[in-house]
Amino acid sequence: MNIVLGQMTSPISGDITQLNAIILADARRTEANLGFHLGRLSGGYKILVLNRRPQASDFEFSGTTLRSGGREGLPADTDKKDKERTRIHDGIMGARGADGYAAMQQAALQNIQVKGPQRLVKIMPDIRHNTDMSPSQQYPMGGGFLQWTLKKPGLSFFCAAQVAKDGLVSVPGQTFQLNSGNFANDYPQRAEFQKYLQQA
Numbered sequence: 009m010n011i012v013l014g015q016m017t018s019p020i021s022g023d024i025t026q027l028n029a030i031i032l033a034d035a036r037r038t039e040a041n042l043g044f045h046l047g048r049l050s051g052g053y054k055i056l057v058l059n060r061r062p063q064a065s066d067f068e069f070s071g072t073t074l075r076s077g078g079r080e081g082l083p084a085d086t087d088k089k090d091k092e093r094t095r096i097h098d099g100i101m102g103a104r105g106a107d108g109y110a111a112m113q114q115a116a117l118q119n120i121q122v123k124g125p126q127r128l129v130k131i132m133p134d135i136r137h138n139t140d141m142s143p144s145q146q147y148p149m150g151g152g153f154l155q156w157t158l159k160k161p162g163l164s165f166f167c168a169a170q171v172a173k174d175g176l177v178s179v180p181g182q183t184f185q186l187n188s189g190n191f192a193n194d195y196p197q198r199a200e201f202q203k204y205l206q207q208a
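Counting in my numbering, the sequence shown runs from 9 upward without gaps.
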């Protein structure tokens with residue numbers, strides 16, 4: 009998929025989280041929050057923001073980023089074993105039924121911000137999924153942030169930022185340096201970038 013900075017994407021499915029899971033000046037903490045293996049964001053990544061509230065038909069609950077792959081228990085050493093873990097979605101559906109699940113979705117959607125620090129986002133690492141790595145290596149338990157799964161065909165996002173592997177951040181018409189080593193210079197840029205992401 010060709011994702012262009014400053015433009016809307018084609019519909020994208022898969023896991024999404026909230027903006028507050030991203031630690032703008034610390035890729036390692038962001039990896040830990042999201043449940044990515046160490047170094048997954050070292051090649052750079054794109055920050056996609058959702059500019060509308062999803063509908064209940066658009067997503068499934070996948071717990072939090074503590075739940076690797078949206079499943080109960082710890083990630084397994086093989087794909088086959090990993091898929092044997094119970095999906096969070098299935099567990100809730102079994103416990104509450106379709107009507108109870110739909111009620112939970114509607115309640116959750118009422119608390120979702122379209123703009124602001126808890127808006128919905130998707131992180132697209134430039135280092136893509138590696139089929140040679142086990143689920144337990146590639147997707148360890150994360151930091152407990154919201155994790156929903158957009159069902160196919162997905163939703164369109166706005167590509168708000170490209171974070172390069174050297175830490176330089178590009179947004180439409182501007183760049184930010186968040187980790188120059190000079191805190192007095194970096195802090196105002198981090199604050200401005202954070203404000204931009206909340207409103208883009």
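Virtual Cβ for every residue (Gly too), placed ideally from N, Cα, C.
None of the values given here were measured: they were computed from a predicted structure.
Quick check for students: name the residue ranges of the beta strand (DSSP E) that lie wholly in the stretch 161-206, counting only runs of 3 or more.
Whole beta strand (DSSP E) segments, 3+ residues: 166-171, 176-179, 182-185.
Assess, as a yes-or-no matter, whether the stretch 95-115 is touched by the stretch 173-190 under the definition of 3 or more beta carbon pairs within less than 8 Å.
In short, these stretches do not touch, since the Cβ pair count stays below three.
Candidates Lys91, Asp34, Tyr204: which alpha carbon is nearest Arg48's?
Considering only alpha carbons, the answer is Asp34.
Taking contact to mean 3 or more Cβ pairs, one atom from each stretch, closer than 8 Å, check whether the stretch 11-31 and the stretch 138-146 are in contact.
Flag = no, the stretch 11-31 and the stretch 138-146 do not touch.
From which residue to which residue does the beta strand (DSSP E) around Tyr53 run?
Residue range 53-57 is occupied by the beta strand (DSSP E) that includes Tyr53.
Return the CA-CA distance between Ser70 and Ser144, expressed in angstroms with no decimal places.
Taking the straight line from one Cα to the other gives about 17 Å.
Glu39 lies in the alpha helix (DSSP H); which residues open and close that run?
Segment 35-42, the alpha helix (DSSP H) holding Glu39.
Can you tell me whether Leu117 is helix, strand or coil according to DSSP?
Shown here, Leu117 sits in a helix according to DSSP, grouped into three states.
Using only alpha-carbon positions, find the residue among Ala40, Gln63, Lys54 that is nearest to Thr17.
For Thr17, the nearest C-alpha among the options comes from Lys54.
Residues bridged to Val129 [DSSP beta-bridge criterion]
Beta-bridge pairing by DSSP links Val129 to Thr25, Val57.
Can you round the beta-carbon distance between Gly43 and Ser76 to whole angstroms, since I take them to be within the 8 Å contact cut?
Rounded to the nearest angstrom, the Cβ distance from Gly43 to Ser76 is 6 Å, consistent with a contact under 8 Å.
If you draw a straight line from the C-alpha of Phe201 to the C-alpha of Tyr195, how long is it?
Here the alpha carbon of Phe201 sits roughly 10 Å from the alpha carbon of Tyr195.
Identify which residue in Ser50, Gln207, Arg95, Lys159 has its Cα closest to the Cα of Gln126.
With distances taken between CA atoms, Gln126 lies nearest to Gln207 out of Ser50, Gln207, Arg95, Lys159.
Can you name, in chain order, every residue of its own chain whose Cβ lies under 7 Å from the Cβ of Phe67, other than the five neighbours on each side?
Correct list, in chain order: Trp156, Thr157, Leu158, Lys159.
Alpha carbon to alpha carbon, how far is Gln146 from Thr73?
Each residue's alpha carbon lies about 13 Å from the other.
Have a look at Leu128 and Lys89 and give me their C-alpha separation to the nearest angstrom.
Looking at the backbone, the Cα of Leu128 and that of Lys89 are separated by about 30 Å.
Inter-residue CB distance, Ile20 and Gly162 (contact presumed, cutoff 8 Å)
Contact flag correct, Cβ pair sits at about 4 Å.
Based on the DSSP secondary-structure assignment, which residues constitute the bridge partners of Thr157?
Answer is Asp23, Glu68.
Quick check: the Cα distance between Ala252 and Thr94, rounded to an integer number of angstroms?
A query on residue 252 cannot be resolved here, the shown segment of the chain reaching from 9 to 208 and no further.
Expressed to the nearest angstrom, what Euclidean distance is found between the alpha-carbon atoms of Ala103 and Leu58?
Whole-angstrom Cα-Cα distance: 30 Å.
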